[in-house]
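2 protein chains.
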Amino acid sequence: MNPNRQKVLDATLQLLAQSGLSGAGLNDVIALSGASRGSLYHFFPDGKQQWVAEALQIYAEAFAEGCENAISKAPTVSQGIANVFLFAAKMMKARDFRSGCPVGAVVLDLDCDSEPMRVLCLSIMAQWQHRLAAHLTPLPEAKALALAKMIIACFEGAFMLARLERSTAPLTLAAEQMATLLEAQLATVSRSH
Amino acid sequence: MNPNRQKVLDATLQLLAQSGLSGAGLNDVIALSGASRGSLYHFFPDGKQQWVAEALQIYAEAFAEGCENAISKAPTVSQGIANVFLFAAKMMKARDFRSGCPVGAVVLDLDCDSEPMRVLCLSIMAQWQHRLAAHLTPLPEAKALALAKMIIACFEGAFMLARLERSTAPLTLAAEQMATLLEAQLATVSRSH
DNA sequence: GACAAATTATACAGATCAGTCTACATATGA
DNA sequence: TCATATGTAGACTGATCTGTATAATTTGTC
Chain A
1069 MNPNRQKVLD ATLQLLAQSG LSGAGLNDVI ALSGASRGSL YHFFPDGKQQ WVAEALQIYA
1129 EAFAEGCENA ISKAPTVSQG IANVFLFAAK MMKARDFRSG CPVGAVVLDL DCDSEPMRVL
1189 CLSIMAQWQH RLAAHLTPLP EAKALALAKM IIACFEGAFM LARLERSTAP LTLAAEQMAT
1249 LLEAQLATVS RSH
Chain B
1069 MNPNRQKVLD ATLQLLAQSG LSGAGLNDVI ALSGASRGSL YHFFPDGKQQ WVAEALQIYA
1129 EAFAEGCENA ISKAPTVSQG IANVFLFAAK MMKARDFRSG CPVGAVVLDL DCDSEPMRVL
1189 CLSIMAQWQH RLAAHLTPLP EAKALALAKM IIACFEGAFM LARLERSTAP LTLAAEQMAT
1249 LLEAQLATVS RSH
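Protein chains in written order, with the numbering used here: chain A, 1069 to 1261; chain B, 1069 to 1261.
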C-alpha cells in the first residue's frame, strides 16, 4: 500500500482512540499524517467517512486476532479472556492512558444521521462477539453468545474508565471478575455432563 | 430556576445522550431549547463548558438517586442492581434506542486539552462508585469498591451496546450476569462468617 | 409612571470545518 | 521522447462553529 495512504490510516486510528470521531477531522489527520489535502482526497474520495471506516476495519481485525491469540495461548478460556483485559491494560499504560477503543469512541459520538457508520460499528462488535463465543464451546450457543456480549460490554466500559481514571485498575479488576464469572458458568455446564 | 435556563439544561442533556459532546453545540442547544444566543450566554457566560458541566451534574445526581431507590426497594442487593440495568433497558426502549449515558458519551469524546471536563466526569463516576459500594456492605471495603467499579464499567458498556444494537439485550443480559456474579461474591463472604 | 435590573434578540467576528479545484510533479510504458 | 496515469501541493469556497457586542424588551420596585 502507498505509504501516504498507510500513514493516513495510522493517524486516523490514533486520533479516533484519543479523542473520538470529532478528533479525526480533516485538519487533524493532515497534521498528524503529514499527507496533504490533495493526497487525502485522492486516496479517500468519499472523505472523512471513508478514512474513518477503513481505519476502524483495520483495527477491528487486528484486535480480533490479538484476542484469539491471547485465548489460544492461555491454559484455560477464562484465563485467556482475562489476559485480553490485562493486555489492554498494558497497552493503555504504554500509551500514557491517552487512548481508548476507537470503535467505542465512534459509537458514542454517533448522531442519528450517520447510519452507515452505525452499521459498520455494529458489524464489528457482532464479529468480535461471534469470534469470542466460538471459544466458549462448552456452553450452548445462545449462552456463549450472551456471555460474549457481556464480555465485550464489560471490556468497552472498563477501557473507558481506565482512560478516564488514567489507571489500569478498571481493566485489571474486570479481568479478575470476568474470569471468576466465566469459570462459574463453565463449571455449571461441565457439572451437568 | 428561570424557565429558559432549565430548558437549556434539559436540551443539553438530551443532546449529550443522543450524540455526545459534539452534538451539544451552541446551535443545537438553541434550536432544541428555544432559547436565544443572548439568553444562553446570559445564564452560561462560560459557554459550552458550563452548560455541559451543569447538565452532567444534574444527570449524575438524578441517576445516583434512581439507583439507590431501585436498590433499596429490591429484596436483595444483587436483585436491586439487576433492576438498575433493567430500568435502563426500559428507558432505552422508551426513547427508541436513541440515547445513551451522557457521561459516557462525554468521556469518550474528550480530547487531551479539556482537563476540567475530564475531572468532572471522573468525580461523577467516583461518586457513583462510592454510593454503589455503600450498598455492598457485607463485603470488605476494597472488595466492595472493586465490584462497584466493575458494575459501572459493565453498565456503561452495556448501555453503549444497547444504543448501537437498538436492542435491550445487552442490558438485560448484563443484568442477569451481574446478579449472578454479585450473589457468588456475597455468598463467599457470608460463608466465611 | 419612572427607573433600574434582569432578560432576550440579533447582527457580527474570527476560527475552523469538510470538501473542491487547478496546477504541478513523478512515474510508467510505448 | 512523448503520452498517460498516478500522486501531491495548497489556495479557495461555503458552511458552521463558538463567542461578542449592542440594542431592545420585559420585569420588579418605588
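For every residue, glycine included, the Cβ atom is placed at its ideal position computed from N, Cα and C.
Query, Result
"Rounding to the nearest angstrom, what Cα-Cα distance links Thr1144/B and Glu1251/B in this structure?", "9 Å"
"Less than 8 Å between the CB atoms is what I'm expecting for Gln1082/B and Leu1108/B, so what's the real figure, rounded?", "Not a contact, Cβ separation roughly 16 Å."
"In chain A, which residues lie less than 7 Å from Val1175/B when you measure between Cβ atoms?", "Met1228 and Leu1232"
"Cβ closer than 7 Å: which chain A residues qualify as neighbours of Gly1168/B?", "Leu1176"
"Counting pairs of beta carbons, one from the stretch 1086-1096 of chain A and one from the stretch 1164-1174 of chain A, are three or more of them closer than 8 Å?", "yes"
"Whose Cβ in chain A lies nearer than 9 Å to the Cβ of Ile1220/B?", "Gly1225, Leu1229 and Pro1238"
"Run through DSSP, which three-state label would Asp1078/B get?", "helix"
"Would you give the residue range spanned by the alpha helix (DSSP H) that Phe1165/B belongs to?", "Where Phe1165/B is concerned, there is no enclosing alpha helix (DSSP H), given that its DSSP letter is neither H nor E."
"Count the other CB atoms within 10 Å of the CB of Met1246/B; is the residue buried (16 or more) or exposed (fewer)?", "buried"
"Along the alpha helix (DSSP H) that carries Ala1226/B, what are the first and last residues, could you check?", "Glu1209 to Glu1233"
"Report yes if the C-beta distance between Lys1211/A and Gln1197/A is below 8 Å; otherwise report no.", "no"
"Measuring straight from C-alpha to C-alpha, what distance separates Pro1184/A and Gln1117/B?", "30 Å"
"Which word fits Met1069/B, buried or exposed, when buried means at least 16 other C-beta atoms lie within 10 angstroms of its C-beta?", "exposed"
"With a threshold of 16 other CB atoms inside 10 Å of the CB of Pro1238/A, please say whether the residue is buried or exposed.", "buried"
"Who are the Cβ neighbours of Cys1222/B in its own chain at under 7 Å, not counting the five residues just before and after it?", "Ala1242 and Met1246"
"Pull up the CB-CB distance for Gln1253/B and Leu1207/B, whole angstroms please, since I reckon it's below 8 Å.", "7 Å"
"Just confirm the distance between the C-beta atoms of Asp1177/B and Ser1235/A, as a whole number of angstroms; I'd bet it's less than 8 Å.", "With a Cβ gap of about 20 Å, Asp1177/B and Ser1235/A do not count as contacting."
"Look at the alpha carbon of Ala1123/B and the alpha carbon of Asp1181/B, and state the distance between them as a whole number of angstroms.", "20 Å"
"Closer than 9 Å between beta carbons: that is the criterion. Which residues of the stretch 1086-1112 of chain A meet it against chain B?", "Gln1086, Ser1087, Gly1088, Leu1089, Ser1090 and Gly1091"
"Do Ile1139/A and Ile1149/A have their C-beta atoms within less than 8 Å of each other?", "yes"
"In the structure shown, what three-state DSSP assignment does Thr1144/A receive?", "coil"
"Apart from the five residues just before and just after Lys1075/B, which ones in its own chain have a Cβ nearer than 8 Å to its Cβ?", "Ser1101, Gly1102 and Ala1103"
"If you follow the alpha helix (DSSP H) that Asn1070/A is in, where does it begin and where does it stop?", "Run containing Asn1070/A: none; DSSP gives neither H nor E here."
"DSSP on Gly1088/A, reduced to helix/strand/coil?", "coil"
"Any idea if Glu1133/B is buried or exposed, counting beta-carbon neighbours within 10 angstroms, 16 or more meaning buried?", "exposed"
"Residues in its own chain within less than 6 Å of Asn1151/B by CB, not counting five upstream and five downstream?", "Ala1138 and Ala1142"
"List the residues of chain B whose Cβ lies closer than 9 Å to the Cβ of Ala1242/A, in chain order.", "Lys1217, Met1218, Ala1221 and Cys1222"
"Taking Cβ-Cβ distances shorter than 9 Å, what residues in chain A pair up with Arg1163/B?", "Ordered by position in chain A, no residue passes the 9 Å Cβ test against Arg1163/B, which lies about 12 Å from the chain."
"Let me know the secondary structure DSSP gives Ala1138/B once reduced to three states.", "helix"
"Using a 10 Å radius around the Cβ and a threshold of 16 neighbouring Cβ atoms, would you call Thr1205/A buried or exposed?", "exposed"
"Mind checking whether Phe1165/B and Ala1230/B have CB atoms under 8 Å apart?", "yes"
"Which residue from Glu1244/B, Glu1129/B and Asp1114/B puts its Cα closest to that of Gln1195/B?", "Glu1129/B"
"In chain B, what lies closer than 9 Å to Thr1248/A by C-beta?", "Leu1249, Ala1252 and Gln1253"
"Ordered along the chain, which non-local residues of its own chain (more than five positions away) have a Cβ less than 8 Å from that of Ile1220/B?", "Met1193, Trp1196, Gln1197 and Leu1200"
"Taking just the CA atoms, how far does Asp1179/A sit from Gly1187/A?", "Reading the sequence as shown, one finds Val at residue 1187/A and not Gly. One C-alpha to the other measures close to 12 Å."
"For Cys1135/B and Phe1111/A, I'd like the C-alpha separation in whole angstroms.", "49 Å"
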